[in-house]
């Protein structure tokens, strides 16, 4: 194959030529490079078509696109002498018969690897034969044109067999076809050869001449070698990541210098009083010559260099107290190789200790209550319910217990108590949490569609059906959980089919003759007593016993009033975050909320908080604003009793009634726990308010 065949005539443009103008000048021949001359040098412009597509605006000039180093010009007669220079560049300028040409590296490589190449570069083929990688040149018919011994060894073939082999039988046809069709390289393909079952990595590189693929260059690597290099590289990366993580999380300032004091590494955290600028921006500087570093660090380095042992120095002044410790790291020769200096600002430590001591003096009851509230609010950011009451604590114990199994769960309770949230909690705490939780409201889907939604249907099962059929929700929940909300509203006909599906763990899509198996955990909910519906003939008795495996009763909000404050705070926090507000409740507003029965449960409370927040003026939500909203909901429950003879401020009246009721309850029960139960509020609320009353009046009702 003659090298002159691959010489191409270059296209030159000047530095002010617009890309739009250049695109009109190009003909239909393959020109992967165009060239420009600037200051006596010639520069290539790679991937011209890419530049044309990405120009913005179109008036962008070639001069602004020049980023390559200038090219050398090699005479045609000296190409074999400068072969390594040619192989080092994607494109090379060639002086041929008084004219300037250019040649691509892949074309030059093709001539060298061909059996008909000039004898002057035979030594280069010998060099390729010694490379510890498999190299092959394959023609367009997948026959081997040239190869080295490493390729034979990796593929377990002999040189005598080359004439009869076709490489698509060994390496697969798809890779060759992809490279041929796209004219792009395909790298790092994992291939197991059929003859020896040897695993290798192969790079497929197209050999293109005049926009036509004329063959393929293959580079083969042993997989164990590649894996070894990759594992070693990953190990180094992990060690480096660990080191960076350690330095970034340690509270103390850490710097590393070499034996002469040159700064090599510094942690992100540093003591500002010791530096005029961050130490990690001074890497490579001599620490002993830096005026930006404190003199204490200079002393530590000098002492370690002198004594060749660990040195600790303290600096105390009116502004700060600092401790710096230098540790020498020795080379196996016995000389110091590194010095690691750790510094701590003891002033900050002292301040933190004082703050910690003050925190410990706070009331233990308040601290515990705050921790519980924080825990519940944190859980609320996910999918677990918010609560502090004993009733909900017992419910969540049942949830955590049943989540470890795949038993069917029946959730019952009034509308709005949060049955769907409990279903989410069961799914998230179970081993099925990585699989889907499919939800369906049995009351929201017409009877005519419920069967096809649950079980799916085959193609053409009925008129108007999707031509591709439809997968039922039960099958979509495979390996996960299925939540059937308001199952009491499910028609009796569908109940029978659901019963069979639960028993057999298989479903027949509408129009199907073969069943589909599934593995799901079923969670159902109802706000109506199913036992009574069974007695009335409105719910199948056999289905009731099938789903009543693990019943969980969710208490109404009025039965767990201590949760109202926590939930109200959470919903107000959501409102604040959504609308960038800073609203907060007054203490008397909380008491008024706890006194309201909330027939709509948690859902009503959420809507009520949003309504109160919208109507409120200012940042604090007072009891008066809460009562104005509650009066419109239940005027009888919030109506004044007429016990006052004159008009006084509402907050004052509320406080007076509250004081009398708490004193009456404490006089009767002599216990904050019993008094709280009688008044329908939390024990912590009674305890706090009763202490305020005693401190104010000096009398205890015992």
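Numbering (my numbering), first residue to last: 495 to 1196. Just so it is clear, CB atoms sit at the ideal spot from N, CA and C, and this is done for glycine as well. For clarity, every value in this text was computed on a predicted model and none was experimentally measured.
A contact between stretches requires three or more CB pairs, one per stretch, nearer than 8 Å, and the segment 929 to 938 meets this requirement with the segment 967 to 979. Comparing C-alpha distances from residue 901 to each of 1037, 992, 1022, 1042 shows the shortest one belongs to 1042.
Runs of alpha helix (DSSP H) with 4 or more residues, each lying fully within the segment 765 to 808, are found at 789 to 801, listed in chain order. Here the alpha carbon of residue 890 sits roughly 38 Å from the alpha carbon of residue 1150.
Each of 798, 839, 709, 1019 was checked against the Cα of residue 821, and the nearest Cα belongs to 798.
Beta-bridge partners of residue 951 (DSSP): 964, 1004. Excluding the 5 residues flanking it on each side, residue 746 has same chain C-beta neighbours closer than 7 Å at 836, 837, 838, in chain order.
Using a C-beta cut-off of 8 Å, the segment 1175 to 1194 makes no contact with the segment 1113 to 1123, since fewer than three inter-stretch Cβ pairs fall below that distance.
Residue 706 and residue 730 have their C-alpha atoms spaced approximately 43 Å apart.
Contact check for residue 828 against residue 795 fails: the beta carbons are separated by 9 Å or more. By the beta-carbon neighbour count (other beta carbons within 10 angstroms, threshold 16), residue 641 is buried. Sequence-distant partners of residue 645 (beyond 5 residues in either direction) whose C-beta falls short of 8 Å from its own C-beta, in its chain, are 628, 629, 630, 712, 714. Around residue 501, the same chain offers 588, 590, 595, 597 as residues with beta carbons nearer than 7 Å, after the five sequence neighbours per side are excluded. Counted as a single uninterrupted DSSP element, the alpha helix (DSSP H) harbouring residue 987 occupies residues 986 to 998. When secondary structure is reduced to three states using DSSP, residue 1047 falls in the strand class. Cβ atoms of residue 1156 and residue 1169 come within 8 Å of each other, at about 7 Å. Each residue's CA atom was taken as its position, placing residue 1040 and residue 1092 some 33 Å apart. Residue 630 is bridged by DSSP to 641, 712. A residue is called buried once 16 or more other Cβ atoms fall within 10 Å of its Cβ, and residue 1113, having fewer, is exposed. For residue 683, the enclosing beta strand (DSSP E) stretches over residues 680 to 686. According to the DSSP assignment, residue 895 belongs to the alpha helix (DSSP H) that extends over 884 to 896. Boundaries of the beta strand (DSSP E) harbouring residue 824: 815 to 824, taken from the DSSP string. A straight-line Cα-Cα distance of about 18 Å links residue 684 and residue 700. By the CB criterion at 9 Å, residue 772 and residue 760 fall inside the cutoff.
Here the alpha carbons of residue 1005 and residue 1024 stand approximately 31 Å from one another.
Around the beta carbon of residue 1055, 16 or more other beta carbons lie within 10 angstroms, which makes this residue buried. Under the three-state reduction of DSSP, residue 585 is assigned to strand. Under the Cβ criterion (8 Å, minimum of three pairs), the segment 1090 to 1109 counts as touching the segment 1056 to 1066.
Note that the C-beta distance between residue 659 and residue 637 is below 9 Å.
Scanning 1035, 1032, 1049, 1087 for the CA closest to the CA of residue 1058 turns up 1087. Residue 570: not part of any beta strand (DSSP E); DSSP gives it neither H nor E.
With contacts defined by Cβ atoms closer than 9 Å, residue 911 and residue 949 do not form a contacting pair. The shortest CA-to-CA distance from residue 1178 to any of 861, 944, 1118 is the one to 861. By the criterion of a C-beta distance shorter than 7 Å, residue 1035 is surrounded in its chain by 1028, once the five residues flanking it on both sides are discounted. In summary, residue 670 is buried, with 16 or more beta-carbon neighbours lying within 10 Å of its beta-carbon over all protein chains present. Only exposed fits residue 937, as fewer than 16 other CB atoms lie within 10 angstroms of its CB.
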